[in-house]
Amino acid sequence: MLHPEITSDETRAMHRVEGRVVIVTGSGQGVGRGMAHHLAKAGAAVVVADYQPDKAHRTCEELASLGAAHLEVEVDIRDPASVDAMVARTVAELGRVDAIINNAQTFRANAPVAEVQADDFDVFYRSGVLGTLRAMQAVHPHMRAAGWGRIVNFASSMGRVGGEGFAAYNASKEAIRALTRTAAREWAADGIVVNAIAPAAAPPRAVGSEHYDEFMRNCPMGRNGDPELDIGPVALFLCSDACRFLTGQTFMVDGGTFMWS
Ligand SMILES: NC(=O)c1ccc[n+]([C@@H]2O[C@H](COP(=O)([O-])OP(=O)(O)OC[C@H]3O[C@@H](n4cnc5c(N)ncnc54)[C@H](O)[C@@H]3O)[C@@H](O)[C@H]2O)c1
């Protein structure tokens, strides 16, 4: 079926996020910071939410120097009240919440299955799984009322392939993917699409590690991902109107490395 009633301007607008309000958790550094830059340069009002206020502030100064609309919010995604306050402030100050990118997760040293402790699970679950869940619950009423919403969660190739030595992290990331699929089904009728990104954009601290070397050996494109230029455009698509018939999916944004497994 063709749509002669859809103009060129409307078609271009589908692929844009101008005027959209997008929360990016963990945007004080790394992948979140890169996505915040990409979305802001594309015209979104970005809520820079992080539990390291100095880093969130740095990202906001960068966005301010671009002349981009933004809001700085200190949030600890492990604390449900803090997550609720982040969303409430977003709506109070920017008038709406169109999309949320649940990128933040608190890390700790990983352990293999034989050694992993409940305490390790607590760190990864409270921040990754429960933090993502609470954020989804907090934005849902606003998105449902608008009849439109975009939720992007963060998974990992390590979880998908069961990478050795990352028991609690892997379990938390696969739980996030399960939550993504469940919400995708439950909220499709509300006009909300829910997807996940599994990125490969190792921070400088990981370069030279065994895991990083394995990634480089198996990456068809032979390079590390760039948070702004490689992960950012996928996040933008998943937050746009163009992402209208995809939900519950995980996008492996890793230069094709997923094909090794
Ligand atoms: N970088 C990669 O190659 C890679 C690979 C697979 C998955 N991931 C996932 O992508 C996401 C981003 O990864 P990254 O490498 O940029 O991580 P990072 O550790 O560099 O940055 C995480 C950001 O989240 C913030 N944060 C952590 N805990 C928080 C909390 N409780 N409340 C609020 N903010 C909190 C940190 O302050 C930091 O700014 C994570 O979910 C990670 O698991 C990354």
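Just so we're aligned: 178 in our numbering is position 194 of the sequence shown, and the numbers increase by one with no gaps anywhere. Every residue gets a Cβ at the ideal spot worked out from N, C-alpha and C, and that includes glycine.
Beta-bridge partners of residue i, as assigned by DSSP
| i | result |
| --- | --- |
| Leu55 | Val31 |
| Ile7 | Val31 and Ile84 |
| Phe235 | Ile181 |
| Ile176 | Gly133 |
Where the alpha helix (DSSP H) through residue i begins and ends
| i | result |
| --- | --- |
| Gly18 | Gly14 to Lys25 |
| Arg144 | Ser141 to Val145 |
| Trp171 | Ala151 to Trp171 |
| Thr43 | Pro37 to Ser49 |
| Arg201 | Glu194 to Asn202 |
First and last residue of the uninterrupted beta strand (DSSP E) at residue i
| i | result |
| --- | --- |
| Arg134 | Gly133 to Phe138 |
Simplified DSSP state of residue i, which is helix, strand or coil
| i | result |
| --- | --- |
| Phe108 | helix |
| Ile61 | coil |
| Asp225 | coil |
| Gln121 | helix |
| Ala98 | coil |
| Thr116 | helix |
| Ile(-10) | coil |
| Leu230 | coil |
| Glu77 | helix |
| Gly216 | helix |
| Ala190 | helix |
| Phe91 | coil |
| His(-1) | coil |
Neighbourhood of residue i by C-beta, 7 Å cutoff - its chain only, sequence neighbours within 5 removed
| i | result |
| --- | --- |
| Gly66 | Residue 66 is actually Ser in this sequence, not Gly. Closer than 7 Å at Cβ, skipping near neighbours: Val59 and Asp60. |
| Ile215 | Val15, Gly18, Met19, Ile181, Pro183, Ala185, Gly209 and Val237 |
| Arg144 | Ala182 |
| Leu117 | Leu163 |
Proximal residues to residue i (C-beta, below 6 Å), its chain only, five neighbours per side dropped
| i | result |
| --- | --- |
| Glu212 | Gly18, His21 and His22 |
| Tyr35 | Asp60 |
| Ala29 | Val5, Ala53 and Leu78 |
| Trp132 | Gly175 |
| Tyr109 | Ser156 |
| Met70 | Ala33, Val57 and Val59 |
| Tyr196 | Ala186 and Ala190 |
| Met142 | Phe150 and Asn154 |
Beta-carbon proximity list for residue i, same chain, < 8 Å, skipping 5 on both sides
| i | result |
| --- | --- |
| Val113 | Ser156, Ala159, Ile160 and Leu163 |
| Glu2 | Ala26, Gly27 and Ala28 |
* Does the stretch 31 to 45 come within contact of the stretch 92 to 100, defined as at least 3 CB pairs closer than 8 Å? -> no
* Asked: With contact counted as at least three CB pairs below 8 Å, one residue from each stretch, are the stretch 230 to 244 and the stretch 168 to 187 in contact?
  -> yes
* Examine the Cβ distances between the stretch 123 to 141 and the stretch 166 to 176 and report whether three or more of them are shorter than 8 Å. => yes
* To do: Would you check if there are 3 or more beta carbon pairs closer than 8 Å linking the stretch 100 to 113 to the stretch 144 to 153?
  => yes
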